[in-house]
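**Q**
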Amino acid sequence: MSILKKIFGEPEQKSENRLNWIPLTSIEQLDELTSSNSAIAIFKHSTRCIVSSMAKKQLESSFDLDDTIEMYYLDLITYRNISNEITDRFNIRHESPQLIVLKANKVQTYASHSAISEIELEKYI
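Quick note: the sequence shown, position 107, residue 91 per the numbering used here, numbers continuous.
1. Roughly how many angstroms separate the alpha carbons of residue 6 and residue 56, rounded to a whole number?
2. Compute the beta-carbon to beta-carbon distance between residue 78 and residue 39, rounded to the nearest angstrom, for a pair I have assumed lies under 8 Å.
3. What would DSSP say about residue 60, mapped onto helix, strand or coil?
4. Quick check: the Cα distance between residue 102 and residue 91, rounded to an integer number of angstroms?
5. From residue 31 to residue 47, what distance separates their C-alpha atoms?
6. Expressed to the nearest angstrom, what Euclidean distance is found between the alpha-carbon atoms of residue 52 and residue 67?
7. Residue 84 by DSSP, collapsed to three states: which one?
8. Which residue marks the beginning of the beta strand (DSSP E) containing residue 40, and which one marks its end?
9. For residue 3 and residue 43, which I take to be in contact (beta-carbon distance under 8 Å), what is that distance rounded to the nearest angstrom?
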């Protein structure tokens, strides 16, 4: 065993991404997914924001939903128009990071920043 391993221990294993992100890339796609009676979640992510990246990693390590809820990923830098449409359509103030849970075209819950981890997605499946 090397001296560094003795001092610092074994390196932490990276958490596995257990969410099957579906990229949200068009208003038409938003129309389709919101017309479903199934619960869906949209994670609004700023690829330039460390807080948003941390929230995304927290989601990925906290939930193991086995495809029981569709998880949509919205890159706010590239698709700001979709974020604006979500704001207008559902009357939710834009924030990043933000998690929105929809079912039958109605907002079930939403949260931003550290409050995202408090959402119990299992309740909406």
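Think of the CB as a built atom: it goes at the ideal place given N, C-alpha and C, for glycine as much as any other residue.
**A** In short, the structure shows the following:
1. Residue numbering aside, residue 6 sits at position 22 when the sequence shown is read from its first letter. Residue numbering aside, residue 56 sits at position 72 when the sequence shown is read from its first letter. So the alpha carbons of these two residues sit roughly 5 Å apart.
2. Position 94 of the sequence shown, counted from the first residue, corresponds to residue 78. Position 55 of the sequence shown, counted from the first residue, corresponds to residue 39. Actually they are not in contact, since the Cβ atoms of residue 78 and residue 39 sit about 15 Å apart, beyond 8 Å.
3. As a position in the sequence shown, residue 60 is number 76, starting the count at 1. Correct three-state label for residue 60: coil.
4. Residue 102 sits at position 118 when you count from the first residue of the sequence shown. Residue 91 sits at position 107 when you count from the first residue of the sequence shown. For residue 102 and residue 91, the distance between alpha carbons rounds to 16 Å.
5. Counting from one through the sequence shown, the residue named residue 31 turns up at place 47. Counting from one through the sequence shown, the residue named residue 47 turns up at place 63. Roughly 21 Å between the two C-alpha positions.
6. In the sequence shown, the residue the question calls residue 52 occupies position 68. In the sequence shown, the residue the question calls residue 67 occupies position 83. Going from the Cα of residue 52 to the Cα of residue 67 covers about 24 Å.
7. Residue 84 sits at position 100 when you count from the first residue of the sequence shown. Residue state, collapsed to three classes: strand.
8. The residue you call residue 40 lines up with position 56 of the sequence shown. No beta strand (DSSP E) contains residue 40, which is instead part of the alpha helix (DSSP H) from 34 to 46.
9. By 1-based counting over the sequence shown, the position of residue 3 is 19. By 1-based counting over the sequence shown, the position of residue 43 is 59. Contact holds; Cβ gap of about 7 Å.
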